[in-house]
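Asks:
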Amino acid sequence: MQCWHTRMRCTMPLSWTLWLVLLTSVPCALSSCSEYPCPDSDAYHPHTFVPDRRPVLALQPWNGCFEGKCGLDGNKFGFASWWRPDLNPPQAVGNLVGALQDGYDQGFRRFVAWLPAGSLEDQCMSSAQWWPLSDAARAELNTTLRSWLTEHPDSQFGPYVGFDVSHGNSPCTLNMSNHVDPEMTNDTDRCILHKTAAPWADIGAKLIWYDASSGNNGSNLIEMYHNRSYDQLSMGGEAVPADQHLPPGVNNSDRCAHAQALGHDITYGDSCSYYLPKPTPSHAVPWISNYMYLTCRNWGSWPVWNSLASEIGVLLSGHTPCSLCLSDMMVNGTRISQNGTCPYAAVGFDTAVALHNRGWVLWPTNSTSGATMEAAKRLNNFGTIACGGDFNYDGVVNDSDKVAFRTRWQAWEGRTTDPANGTLAFWHGDVNDDGCVNGADLSLFETSIWSSNGVCHPVKFKQSRPRPPCTIG
Numbered sequence: 005m006q007c008w009h010t011r012m013r014c015t016m017p018l019s020w021t022l023w024l025v026l027l028t029s030v031p032c033a034l035s036s037c038s039e040y041p042c043p044d045s046d047a048y049h050p051h052t053f054v055p056d057r058r059p060v061l062a063l064q065p066w067n068g069c070f071e072g073k074c075g076l077d078g079n080k081f082g083f084a085s086w087w088r089p090d091l092n093p094p095q096a097v098g099n100l101v102g103a104l105q106d107g108y109d110q111g112f113r114r115f116v117a118w119l120p121a122g123s124l125e126d127q128c129m130s131s132a133q134w135w136p137l138s139d140a141a142r143a144e145l146n147t148t149l150r151s152w153l154t155e156h157p158d159s160q161f162g163p164y165v166g167f168d169v170s171h172g173n174s175p176c177t178l179n180m181s182n183h184v185d186p187e188m189t190n191d192t193d194r195c196i197l198h199k200t201a202a203p204w205a206d207i208g209a210k211l212i213w214y215d216a217s218s219g220n221n222g223s224n225l226i227e228m229y230h231n232r233s234y235d236q237l238s239m240g241g242e243a244v245p246a247d248q249h250l251p252p253g254v255n256n257s258d259r260c261a262h263a264q265a266l267g268h269d270i271t272y273g274d275s276c277s278y279y280l281p282k283p284t285p286s287h288a289v290p291w292i293s294n295y296m297y298l299t300c301r302n303w304g305s306w307p308v309w310n311s312l313a314s315e316i317g318v319l320l321s322g323h324t325p326c327s328l329c330l331s332d333m334m335v336n337g338t339r340i341s342q343n344g345t346c347p348y349a350a351v352g353f354d355t356a357v358a359l360h361n362r363g364w365v366l367w368p369t370n371s372t373s374g375a376t377m378e379a380a381k382r383l384n385n386f387g388t389i390a391c392g393g394d395f396n397y398d399g400v401v402n403d404s405d406k407v408a409f410r411t412r413w414q415a416w417e418g419r420t421t422d423p424a425n426g427t428l429a430f431w432h433g434d435v436n437d438d439g440c441v442n443g444a445d446l447s448l449f450e451t452s453i454w455s456s457n458g459v460c461h462p463v464k465f466k467q468s469r470p471r472p473p474c475t476i477g
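In structure tokens, the structure reads:
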């Protein structure tokens, strides 16, 4: 007998009375991975890519703090201290839902959780991030997280998972000792990705992001995006498809010295390789890259993204596990310390603005700095700006803010869009949130937002949402 959802099956016979109780209370428990059905070939059908350029709040249940690292004992899956479904599933899922609610209250509507089932140390990330969790953890997600998602239908949530599939091991475990890039023409690979993704859709997830999926020009991910078996689960990949482009007269043997002489970050060897994105695959599906990874790719030399045709996100965090492990996070409005400071400086306000102005979609994390979060709000007009009069964001409200606002206002007054990012926002001078920069904004800022006596006045916007361009006349 099947439950009300066609992909959710019960394996135990139940009396009709108990069935009625279940059908009127909580959903039936998800079946095991081995019993989870593969879709028929006619279940796959085309989907069209429509960019969504709203910011994403990246939650980090996984941070690479394996056994013996970061002061967390018995942590063989690399979980953050606030997310230990292996020790206390109700508390872990409660923390996750608390972080979602915090982000929702700030105005975010898109959320991605990094590797909720974790990974095995020294192995690549598994696409299976549901089935490796314990029965108790899955049951908690199936009730507590499902309830939150049901109660917040305007939100989009999903996991960040590996892209490779395991051949020779169970397709629904973390063991990736025999892993390969999935081929969408291979029914086995396609079924594995369905088995690992669809349970998240069953509980209400609407997003899924695949790590290290840009190989072969991202062709496998692009094929899966445009021909998938579930409608409500959109997807994206990591990192941006790119090729090496060495400057004239520079070869591989001297590229690092050349890059260092120009002041490029050469912390990682591949940072010396002068990569440039490939336009066609980069505009075919959504992509995400980590900021520290982009510093290895000299992102400042890349072309500005087309805001109408692309959704290229940047995770505003460090690239190594320790930079995630030693950070703090917010749960139910309280900052939970992870016992240390990040080895990399937090992405600052100016850097976030520079990324946004080159067409990147901002992905702050739940451990990000206040400056980064402030930049995301000012550049996308959502949530509350605590001190709107501090327009130049130097910590005080004074005459320099009035000058900074007038300078920015004059640069954007009368324009309808920002070529890099589409709509105009607070950062451009649109302080009344009507999509335009005009005399109404100038009057509002100088009479109600900015204060000659240095008092801070909050500016409250709506939730994160697609904003129409300015219409003049």
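Counted the way this note's numbering counts, the sequence shown spans residues 5 to 477. Each residue gets a CB set at the ideal place from its N, CA and C atoms; glycine is no exception.
#1: Apart from the five residues just before and just after leucine 328, which ones in its own chain have a Cβ nearer than 6 Å to its Cβ?
#2: Is it buried or exposed for serine 45, if we count other Cβ within 10 angstroms and need 16 for buried?
#3: Could you pull the start and end residues of the alpha helix (DSSP H) that leucine 225 belongs to?
#4: Helix, strand or coil for threonine 421, going by three-state DSSP, please let me know.
#5: If you drop the 5 nearest sequence neighbours on each side, which residues of the same chain put their C-beta closer than 7 Å to that of asparagine 402?
#6: Counting along the chain, where does the alpha helix (DSSP H) carrying asparagine 384 start and finish?
#7: For valine 441, which residues in the same chain have their Cβ closer than 8 Å to its Cβ, ignoring the five residues on either side in sequence?
#8: Compute the Euclidean distance between the alpha carbons of aspartate 398 and threonine 388, then round it to the nearest angstrom.
#9: Can you give, in chain order, each stretch of the alpha helix (DSSP H) that sits fully within the stretch 133–187 and has at least 4 residues?
#10: Less than 7 Å between the beta carbons of glycine 162 and glycine 122, yes or no?
#11: As a quick exercise: from Ala265, Trp306, Pro290, pick the residue whose alpha carbon is nearest that of leucine 478.
#12: Whole angstroms is fine: what's the gap from phenylalanine 167's alpha carbon to isoleucine 292's?
#13: Asparagine 436: buried (16+ other C-beta within 10 angstroms of its C-beta) or exposed?
#14: Quick one: residues in its chain with C-beta nearer than 6 Å to the C-beta of alanine 96, no 5 flanking neighbours on either side, listed in chain order?
#15: Considering arginine 114, what are the terminal residues of the beta strand (DSSP E) in which it resides?
#16: Following the continuous beta strand (DSSP E) through valine 318, name the residue where it begins and the one where it ends.
#17: Of the residues Pro283, Ile453, His461, Asn385, which one's Cα is nearest the Cα of glycine 439?
#18: Taking the straight line between their C-alpha atoms, what separation do you get for valine 60 and glycine 111?
#19: Which residues mark the beginning and the end of the alpha helix (DSSP H) in which proline 489 is found?
#20: Give me the Cβ distance between glycine 363 and tryptophan 309, rounded to the nearest whole Å; I'm assuming they're in contact under 8 Å.
#21: Would you tell me roughly how many angstroms separate the C-alpha atoms of isoleucine 212 and aspartate 206, rounded to the nearest one?
#22: Go ahead and pull the three-state DSSP assignment for threonine 369.
#23: What number of angstroms, rounded off, separates the C-alpha of asparagine 302 from the C-alpha of serine 36?
#24: Look up asparagine 336 in the DSSP assignment and say whether it is helix, strand or coil.
#25: Can you tell me whether DSSP reads aspartate 46 as helix, strand or coil?
Replies: On the basis of the supplied data:
#1: With a pLDDT of 35 at leucine 328, under the threshold of 50, the modelled position of this residue cannot be trusted; read the value that follows with caution. Result list for leucine 328: Gln64, Asn67, in chain order.
#2: exposed
#3: 223–230
#4: coil
#5: Gly458
#6: 374–384
#7: Trp413, Trp416, Glu417, Gly418, Arg419, Leu428, His432, Gly433, Asp434, Cys474
#8: 18 Å
#9: 139–144, 150–155
#10: no
#11: The requested residue 478 does not occur in the structure, where the chain is confined to residues 5 to 477.
#12: 14 Å
#13: buried
#14: Trp87, Arg88, Pro89
#15: 114–118
#16: 316–319
#17: Asn385
#18: 10 Å
#19: The question about residue 489 has no answer, for the chain in this structure spans 5 to 477.
#20: 3 Å
#21: 13 Å
#22: strand
#23: 45 Å
#24: Bear in mind that the predicted position of asparagine 336 carries a pLDDT of just 43, short of 50, making it unreliable; the figure below should be weighed with that in mind. Here asparagine 336 sits in coil by DSSP.
#25: helix
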